[in-house]
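J.: Sharing a structure, written as structure tokens. Questions coming.
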């Protein structure tokens, strides 16, 4: 990494990466220990709910936050991951970890394909295409009997996993690792040449192109990476719930939350999506218990509109000087 | 007549009628997205909201849905001007259209859809006027009035808009604001006011399209989702800012979608819209009738 021309970073890059991975791993371990001490199945359930949004928000941020290209199809990419895991389970009896790998490959390819067809044009065309993508994928899944069509598919979870108290704790730990990984990938992108290229695209694509930034290639890398991570977020869903149907996998909540969380937390920074996801998902998890889920989503929609209008730099923007 | 030929002819005719409805839905977008460069992805959601209003008012007062749609159009015009005021104040003025502006309209779309669910429940609603059950027969070809009446209203509204854009000073200014807002300012015309009027008109068209939609099919709050792909595909295919291009593209699209539904099954029609959109974006982003920009 040649950062000599830019203002000197505070610490050498290698050490800054090491401190993130160490710190995040310690935090994750502390969370695991804490929840095991509480020992309540609901703690893992709610934790999984919040963490899947950390992965989704971090994934969206790679393309949306750094490059400014809005992906509305988070539910579609995520459901692609979910159904890849279902197919791998039904066809080969594979568990959650191979399912995650398969989901990353399939959803990444989907991102690459969508990006290749639409990213050479203005950004809005990519956004419109992703908006339709979820509708079409849902039609395909509903008409696809192998994965249960609209009736849904069942996955039989193992009763126990060695080293874990319950399968609930295991699937929570998997999602926790994915959240650390996704945030770390987002952070690595931000600090690398790729991230600086994407930010140049966001600020002025023509100028970036003119000074030699390979814009199409960077955008395609970001779309693939972002799509793959969204698929990864969806892969454990059938194992977490034991059952999945198109309405659940393509839930509108995923689409709106994935956009609202990074924008509310602070898009274009690696920490923003984490803040937004933890804040919003925790609020929603608490509110679902008390008020209806539709009202819950309605409030999220209003928060999204109010934040982009009044605080376009998100919560992190309040603490940073322009 | 040969049954396949008869099916084909009927498919084309009802596709053309369906195209009338699509023209109504897409022409509003041709104004906002095509002429004003405002990516209003909430347009189909507002259309469905207008349809819901038509069902409620029409049922309560016993009025014809198409009449209610025309009567409520001024209210939707006002709603559109308010929406544009907010959009201009927070996004266009700051140059934040790309990311924040899109997220804004996505949020509006979401608020409208979930708001309708909260207000009216997720179930389907319908309002059938008497003529909805009448079908004219021209030889082998069926012309259901359920399709014909909305298509005619839609074409009349688009024709009126076209005359307005071509003949009136304000209409010409709308065409001009798309090309050069600064030049407009030099001629003592406020480009923001012109854009506000044009955006209001596009939402008024959404009201008419909503009324047309109610006559054609029952609607539910999530109905707008399948329309997003359709209307953007039609709008881009028609060459963005051209109303005649938009109408032609809508007819073509209606026929293709309807033939696919007749010969391969109706569950594939959303896939047609999406495949079409991707093909247009990949190979002819300037539209079927447009020139290279």
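Chains as they are written, first to last, in the numbering used here: chain H, 1 to 322; chain P, 323 to 615. For every residue, glycine included, the Cβ atom is placed at its ideal position computed from N, Cα and C.
Which residues of chain H have a Cβ atom closer than 9 Å to the Cβ of residue 418 (chain P), listed in chain order?
T.: Simply 308, 312.
J.: Contact between the segment 265-274 of chain H and the segment 219-236 of chain H is defined here as three or more beta-carbon pairs at a separation below 8 Å; is this criterion met?
T.: Judged by Cβ distances under 8 Å, the segment 265-274 of chain H makes no contact with the segment 219-236 of chain H, as fewer than three pairs qualify.
J.: In whole angstroms, give me the CA-to-CA distance for residue 318 (chain H) and residue 293 (chain H).
T.: Roughly 29 Å separates the two Cα atoms.
J.: Hey, is the segment 543-553 of chain P in contact with the segment 406-423 of chain P, meaning 3+ C-beta pairs nearer than 8 Å?
T.: Verdict: no, contact absent.
J.: In three-state terms, what does DSSP make of residue 154 (chain H)?
T.: Of the three classes helix, strand and coil, the one that applies to residue 154 (chain H) here is strand, per DSSP.
J.: Name, please, each residue of chain H whose Cβ falls closer than 8 Å to the Cβ of residue 501 (chain P).
T.: Chain H residues near residue 501 (chain P): none, gap ~17 Å exceeds 8 Å.
J.: At 9 Å on the CB atoms, spell out the chain H contacts of residue 595 (chain P), in chain order.
T.: Neighbours of residue 595 (chain P) on chain H, chain order: 132, 135, 136.
J.: Name, please, each residue of chain H whose Cβ falls closer than 7 Å to the Cβ of residue 299 (chain P).
T.: A question about residue 299 (chain P) goes unanswered here, because the residues of chain P that appear run from 323 up to 615.
J.: May I have the straight-line CA-CA distance separating residue 2 (chain H) from residue 201 (chain H), to the nearest angstrom?
T.: With a pLDDT of 43 at residue 2 (chain H), under the threshold of 50, the modelled position of this residue cannot be trusted; read the value that follows with caution. So the two alpha carbons sit approximately 19 Å from each other.
J.: Opposite residue 243 (chain H) in the DSSP bridges: which residues?
T.: Answer is H:154, bridged to residue 243 (chain H).
J.: Any idea what DSSP makes of residue 489 (chain P), helix, strand or coil?
T.: Residue 489 (chain P) falls in the helix class under three-state DSSP.
J.: Cβ closer than 8 Å: which chain P residues qualify as neighbours of residue 66 (chain H)?
T.: By Cβ distance, chain P contributes nothing, its closest Cβ being about 11 Å from residue 66 (chain H), past 8 Å.
J.: Can you tell me whether residue 5 (chain H) is buried or exposed? The criterion is at least 16 other CB atoms within 10 Å of its CB, across all chains shown.
T.: Only weak support is given to the placement of residue 5 (chain H): the predicted model assigns it a pLDDT of 49, under 50, and the question is left unresolved by the model.
J.: Can you grab the Cα-Cα spacing for the pair residue 217 (chain H) / residue 373 (chain P), in whole Å?
T.: One C-alpha to the other measures close to 44 Å.
J.: Which residues of the segment 59-92 of chain H have a Cβ closer than 9 Å to any Cβ of chain P? Give them in chain order.
T.: Those would be 64, 65, 68, 69, 70, 72, in chain order.
J.: Count the other CB atoms within 10 Å of the CB of residue 435 (chain P); is the residue buried (16 or more) or exposed (fewer)?
T.: Result: buried.
J.: Residue range of the alpha helix (DSSP H) that residue 306 (chain H) falls in?
T.: Where residue 306 (chain H) is concerned, the enclosing alpha helix (DSSP H) stretches over 293-310.
J.: When you compare the CB of residue 578 (chain P) with every CB in chain H, is at least one pair closer than 8 Å?
T.: It does not; no Cβ of chain H falls within 8 Å.
J.: Using a beta-carbon distance below 8 Å, is residue 201 (chain H) in contact with chain P?
T.: By this cut-off, residue 201 (chain H) is not an interface position.
J.: Kindly identify the DSSP beta-bridge partner or partners of residue 594 (chain P).
T.: None; residue 594 (chain P) has no bridge partner.
J.: I want to verify the contact list: residues of chain H whose CB lies under 7 Å from the CB of residue 599 (chain P), in sequence order.
T.: 129, 132, listed in chain order.
J.: Who are the Cβ neighbours of residue 46 (chain H) in its own chain at under 7 Å, not counting the five residues just before and after it?
T.: For residue 46 (chain H), where only same-chain residues beyond five positions count, the Cβ hits under 7 Å are 285.
J.: Where do the N-terminal and C-terminal ends of the alpha helix (DSSP H) with residue 193 (chain H) fall, by residue?
T.: Counting along the chain, the alpha helix (DSSP H) containing residue 193 (chain H) begins and ends at 193-203.
J.: Spatial neighbours of residue 463 (chain P) within its chain, please: CB distance less than 7 Å, with the 5 preceding and 5 following residues excluded, ordered by chain position.
T.: Taken in chain order, the residues that qualify are 331, 332, 335.
J.: With 16 other CB atoms within 10 Å as the buried threshold, where does residue 617 (chain P) fall?
T.: The requested residue 617 (chain P) is not part of the displayed model; chain P covers only 323 to 615.
J.: Report the option in H:48, H:74, H:215 whose CA atom is closest to the CA atom of residue 60 (chain H).
T.: Answer by Cα proximity: H:74.
J.: What is the DSSP secondary structure of residue 457 (chain P), counted as helix, strand or coil?
T.: In this structure, residue 457 (chain P) counts as strand in the three-state DSSP scheme.
J.: The alpha helix (DSSP H) with residue 465 (chain P) in it runs from where to where?
T.: It is not in any alpha helix (DSSP H) - residue 465 (chain P) instead sits in the beta strand (DSSP E) that spans 463-466.
J.: Spatial neighbours of residue 209 (chain H) within its chain, please: C-beta separation below 7 Å, excluding the five flanking residues on both sides.
T.: If we look at residue 209 (chain H) and ignore the five residues flanking it on each side, its Cβ neighbours are 215.
J.: So, using beta-carbon positions, are residue 48 (chain H) and residue 240 (chain H) closer together than 8 Å?
T.: Contact: yes.
J.: Regarding residue 224 (chain H) and the ligand MN, is the C-beta to nearest heavy atom distance less than 7 Å?
T.: The model depicted lacks the ligand MN and carries no ligand whatsoever.
J.: Report the residue from H:50, H:131, H:52 whose alpha carbon sits nearest the alpha carbon of residue 69 (chain H).
T.: The candidate whose alpha carbon is nearest that of residue 69 (chain H) is H:131.
J.: Since residue 197 (chain H) contacts residue 213 (chain H) with CB under 8 Å, what's their CB separation in whole angstroms?
T.: Right, the Cβ-Cβ distance comes to about 5 Å (below 8 Å), so this counts as a contact.
J.: Hey, which unbroken runs of the alpha helix (DSSP H) at 4 residues or more fall wholly within the segment 529-597 of chain P?
T.: As far as the segment 529-597 of chain P is concerned, its whole alpha helix (DSSP H) runs of at least 4 residues are 546-559, 565-586.
J.: Give the range of the alpha helix (DSSP H) segment to which residue 100 (chain H) is assigned.
T.: It spans 96-118 - the alpha helix (DSSP H) in which residue 100 (chain H) sits, taken as one unbroken run.
J.: Go ahead and pull the three-state DSSP assignment for residue 447 (chain P).
T.: Strand at residue 447 (chain P).
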